[in-house]
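The next block holds one structure in the form of structure tokens; read it before the comments.
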Amino acid sequence: MGEMRTGRLLLLGGLCGVLLAVAGAVALRLLEEPQARGAHGHAAAAPARGTTSRPLTAPALRPAQPRRGAKAVGRSRVVARAADPDGGPGWVLRVTRLRMTWREPNGRVLLRPVNVCAQLLRRWRGQLGWIDGRNRFRPVSPVSDAAPEECGPPNAPTPWAAPDSYTTRISDPPAGGEPQALQTIHWSGPYAGDRAMLKVGSRAQERAARAEYRVADPAGGLPWGFPSEGQGPRGCIHSFAPLVGGRAGIVDERLDTLSALNWGGAACANNLGEGDPTPQRPLRAFASSSASAWLSSGEPARTRALRLADGRTMLVAEAHPDVVSVTVLSPRDVRTLTPSPRDHLVAALWDGVFTTGDVVLRARMRDGTTREQRVPVFRS
23 MGEMRTGRLL
33 LLGGLCGVLL
43 AVAGAVALRL
53 LEEPQARGAH
63 GHAAAAPARG
73 TTSRPLTAPA
83 LRPAQPRRGA
93 KAVGRSRVVA
103 RAADPDGGPG
113 WVLRVTRLRM
123 TWREPNGRVL
133 LRPVNVCAQL
143 LRRWRGQLGW
153 IDGRNRFRPV
163 SPVSDAAPEE
173 CGPPNAPTPW
183 AAPDSYTTRI
193 SDPPAGGEPQ
203 ALQTIHWSGP
213 YAGDRAMLKV
223 GSRAQERAAR
233 AEYRVADPAG
243 GLPWGFPSEG
253 QGPRGCIHSF
263 APLVGGRAGI
273 VDERLDTLSA
283 LNWGGAACAN
293 NLGEGDPTPQ
303 RPLRAFASSS
313 ASAWLSSGEP
323 ARTRALRLAD
333 GRTMLVAEAH
343 PDVVSVTVLS
353 PRDVRTLTPS
363 PRDHLVAALW
373 DGVFTTGDVV
383 LRARMRDGTT
393 REQRVPVFRS
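If you want my numbering, it's the position in the sequence shown, counting the first as 1, plus 22.
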């Protein structure tokens, strides 16, 4: 799965893109894995599992997005190594320069610049690959995306906009169970002359983003929430995303990983193009509705069983500290939400698509007054 990172309640257009990117990534995982799944998107019949120190060997995964136009430029190189604190196979960062080409529907070939791609891998019996939540080792080639990976232009200070990456290995329990965090790896490839960094274990785990707000999935999948850095008087809120073991990020079911949403710098800017919430305009909000993007793991089977509508509609908002509660009047229902204590966030998630109408928010202030705002719903 080619994963994409998202940023803290960015400018309205940018926020739309990153939120749909997270949802699209979840939907893509579903389409790629047609096997029967359990309650949280894992295989209904649990196959044999290896152990931490002796993983099973399994066939290589096919790339989630076939890289027909990917070509390695030069040789790959290992830039960092780390021992596994749990006694498992060692950790490795492998860097490869890749040239990518795409063919448009009209047949025209697009040549993209060479990217530097860093892969997070394990070394087992002389091979480099990935170990999933069942402790199954699969070899990974430099041009495959069957392992955690970050890519960026060679002159970029970092891949995408993040200073570094947090990848959490998650368990893959039998049907009916919920995945839990196993290990968190803090890593970064050598971009623009920076040295590679690779840390495995509890210290990295403690610094990984945590959930600031939790919302149940209408179809019974993984809950959603906002990750918060917890630095300074206010956290850096990135986006609305699935939660595993209290951590928020993008879940890759092929690899059994959660990629924390860990943007920094300008990506953490506290704006939606509207400035900070004020007592006169106490909410900054965004609503989006999609017939296909808001699929959580295990759909469409759960959707049919629960007689739910396809797709998702979501609302995220940041409130002024003086807001006590927010009443959400949607085309579907009326809900009253309490902002989170640290970053004053509210969120809601519905099954189905709001084909018409806007969402109206009524903020109740500490002084007893009410402020009303109308939020248009972005539809895709």
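In this text, a Cβ means the ideal position worked out from N, Cα and C, and glycines have one as well. Fair warning: this is a prediction, and the values are worked out from it, not measured in the lab.
The beta carbon of LEU204 is closer than 8 Å to those of GLY155, THR190, ARG191, ILE192 and SER193 in its chain, skipping five residues each way along the sequence. The continuous beta strand (DSSP E) containing GLN205 extends over residues 203-210. In the DSSP annotation of this structure, the continuous segment of the beta strand (DSSP E) that includes ASP373 starts and ends at 367-373. With contacts defined as CB atoms closer than 8 Å, ALA102 and ALA270 fail to qualify as a contacting pair. Sorting VAL375, VAL273 and ALA339 by C-alpha distance to the C-alpha of PRO299 places ALA339 at the top. Here GLY379 is exposed, its C-beta having fewer than 16 other C-beta atoms within 10 Å. If you compare the alpha carbons of HIS342, SER311 and ALA309 with that of GLN302, the shortest gap goes to HIS342.
Here the region 354-367 does not lie against the region 305-314, with fewer than 3 beta-carbon pairs under 8 Å apart. Counting along the chain, the unbroken beta strand (DSSP E) around SER347 starts and ends at 345-351. Listed in chain order, the non-local C-beta contacts of VAL117 below 6 Å within the same chain comprise ARG99, VAL101, ALA140 and GLY211, local neighbours out to five positions each way being set aside. For GLU340, the uninterrupted beta strand (DSSP E) segment begins and ends at 334-341. Bounds of any beta strand (DSSP E) do not take in ARG276, whose DSSP letter is neither H nor E. Assignment of GLU200 by DSSP, reduced to helix, strand and coil, places it in the coil class.
Judged by DSSP secondary structure, GLY174 falls within the beta strand (DSSP E) whose first and last residues are 171-174. The three-state reading of DSSP puts GLY243 in coil, since its state is none of H, G, I, E or B. Put simply, of ARG386, GLY174 and GLU234 the residue whose alpha carbon is nearest the alpha carbon of LEU367 is GLU234. For PHE400, the enclosing beta strand (DSSP E) has its first and last residue at 399-401. Annotated as distal: LEU142 and TRP246, with beta-carbon spacing of 8 Å or more. Of the residues assessed, LEU265 falls on the buried side of the cut-off, its CB having 16 or more other CB atoms within 10 angstroms. Scanning the region 99-160 from its first residue to its last, the whole beta strand (DSSP E) runs of 3-plus residues come out as 99-104, 112-125, 131-146 and 149-153. In the three-state reduction of the DSSP assignment, ALA238 falls in the coil class.
Taking the C-beta atoms as reference points, PRO170 is found no nearer than 8 Å to ARG145. Straight through space, the alpha carbons of PHE159 and ALA92 are spaced by roughly 24 Å. Inter-residue distance for VAL397 and ALA104 is about 48 Å (C-alpha atoms, whole angstroms). With respect to the 8 Å criterion, ASN137 and LEU115 are not classified as neighbours on the basis of their beta carbons. A Cβ-Cβ separation of about 13 Å leaves VAL348 out of contact with ARG388 under the 8 Å criterion.
Going by C-alpha positions, MET336 is about 17 Å away from ARG384. C-alpha of GLY129 to C-alpha of GLY96: approximately 28 Å in a straight line.
Of the other Cβ atoms in all chains shown, 16 or more fall within 10 Å of the Cβ of GLU172; this residue is therefore buried. By the CB criterion at 8 Å, ALA370 and VAL399 fall outside the cutoff. Excluding the 5 residues flanking it on each side, GLN149 has same chain C-beta neighbours closer than 7 Å at PRO161, in chain order. For TYR188, the closest C-alpha among the options SER163, GLY223, GLY174 and VAL165 is that of GLY223. Annotated as distal: TRP372 and LEU220, with beta-carbon spacing of 8 Å or more.
By the beta-carbon neighbour count (other beta carbons within 10 angstroms, threshold 16), LEU132 is exposed. In the structure shown, PHE308 adopts extended strand secondary structure according to DSSP, grouped into three states. The Cβ atoms of ALA241 and PRO164 do not sit closer than 8 Å to each other.
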